[in-house]
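Those protein sequences? They're chains A and B, same order as listed. Taking numbering that gives the first Met the number 0, the leading residue of the first sequence gets 0, the next gets one more, and so forth. Taking numbering that gives the first Met the number 0, the leading residue of the second sequence gets 0, the next gets one more, and so forth. Using N, Cα and C, we set each Cβ at its ideal position, and we do this for glycine too.
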Amino acid sequence: MKEKVLIVPCSGIGKSYGTVAREGAYVVTEDLCPEKTMLVPVALLVLGEDEARSTLAGTEAITIDGCQLACAAKVVANSGGTVAHRVQVLDVFRSHRNLKPSGIAELDANGHKLARVLAEEVQELVNGMTGEVSHA
Amino acid sequence: MPGEILKVTVDKFTFRVPKGLSYSDAGVWVKLEGNRARLGLSDFAQQSSGDVAFANIKPDGTDLERGDAFAEVETVKVNVSVPSPVNGTIVEVNLSLAEAPELINQDPYGKGWLAVVELSDWENDRAYLLDAETYLALVKGQAAEEMKR
């Protein structure tokens, strides 16, 4: 298997959709495909933290953004990383209109469901990048 | 969007108000095109509403009285009923918004337009609309109020 796919969500602070991005990233990296992915906090990249930047170098990342400012995608690009896929929470929500999230510090049930759906979509992308067939 | 664009910055937000358009106090811009008016959300209205998830606009042939909701815009923050600033009949709807509602955020005065209305009482309607300078002042005040919350 190739090296791990980096998952970089926006910081997810202050908005429900950002929180969904962050929670979805946790589901991917801790539950669905922990052996194939690694979470990189966008805050460390913003700060220019050496280990985070060196992890990014030469490795493809999937960014997950909660709004159209797309901070995660921009920060990865500006930090010398390669964005293989840009995932927007809003695009996932548009396909699952019944899952409108609310809550910020603590997501409601819809928010957690949306995060799960998002994570499963990211899992598909990860499997595509690592050359594995998904059975999800 | 051709022509001069007025701008006001409140805190970290900058709002654009093109001259040459008219505006309702609810944040709907009006571009007169013969006896028709093209309508859309102002930059301030779209920024304060948030990222648009869905936009449902009433279909061609819908008769409107000024104040009637002609569009429902669902954003990440709120559901907005957009009141018509004019009397008339919808003759064209921006079908692109069904697939790409984010155009309202990305290009509110261009590709993000909502509908075109055949006007039935423009002389009366125009009395209720604001020019760019007046609307800019309104935006500045409303944005300042928003910042206090």
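Exercise. Taking D64 (chain A) as the reference, give the member of A:E50, A:K35, A:G23 and A:V86 with the closest Cα.
Key: Of the candidates A:E50, A:K35, A:G23 and A:V86, the one whose C-alpha sits nearest the C-alpha of D64 (chain A) is A:V86.
Self-check item: Assumed close pair V114 (chain A), G23 (chain A) - CB separation to whole angstroms, cut-off 8 Å
Solution: A small correction: the amino acid at residue 114 (chain A) is Ala; Val does not occupy that position in the sequence shown. A114 (chain A) to G23 (chain A), Cβ: 4 Å. Contact.
Quiz item: What are the boundary residues of the alpha helix (DSSP H) that T54 (chain A) is part of?
Solution: D49 to L55
Quiz item: Excluding sequence positions up to five away, which residues of its chain have a Cβ less than 6 Å from the Cβ of M0 (chain A)?
Solution: Because M0 (chain A) carries a pLDDT of 46, less than 50, the predicted location of this residue cannot be relied on, and the following value inherits that uncertainty. Excluding residues within five positions, the ones whose Cβ falls inside 6 Å are T129.
Quiz item: At least one CB of chain B closer than 9 Å to the CB of A135 (chain A): is that the case?
Solution: At A135 (chain A), the pLDDT of 48 sits below 50, so the modelled position is not reliable; the number obtained from the coordinates is stated separately. Chain B, which has no Cβ nearer than 9 Å to the Cβ of A135 (chain A), makes this no.
Practice problem: In the DSSP assignment, find the unbroken alpha helix (DSSP H) run with K147 (chain B) in it and report its ends. | Solution: A131 to K147
Quiz item: For the region 23-42 of chain B against the region 109-126 of chain B, are there 3 or more C-beta pairs whose distance is under 8 Å?
Solution: Touching, yes.
Self-check item: Interface flag, Y16 (chain A) vs chain B, CB-CB below 9 Å
Solution: yes
Self-check item: Length of the line joining the Cα atoms of A68 (chain B) and N86 (chain B)
Solution: 11 Å
Quiz item: Do L38 (chain A) and I6 (chain A) come within 9 Å of each other at the CB atom, strictly closer than that value?
Solution: yes
Exercise. Flag this pair as touching only if the region 90-109 of chain B and the region 48-57 of chain B have three or more C-beta atom pairs under 8 Å; answer yes or no.
Key: yes
Quiz item: Hey, is D50 (chain B)'s beta-carbon within less than 9 Å of any beta-carbon in chain A?
Solution: yes
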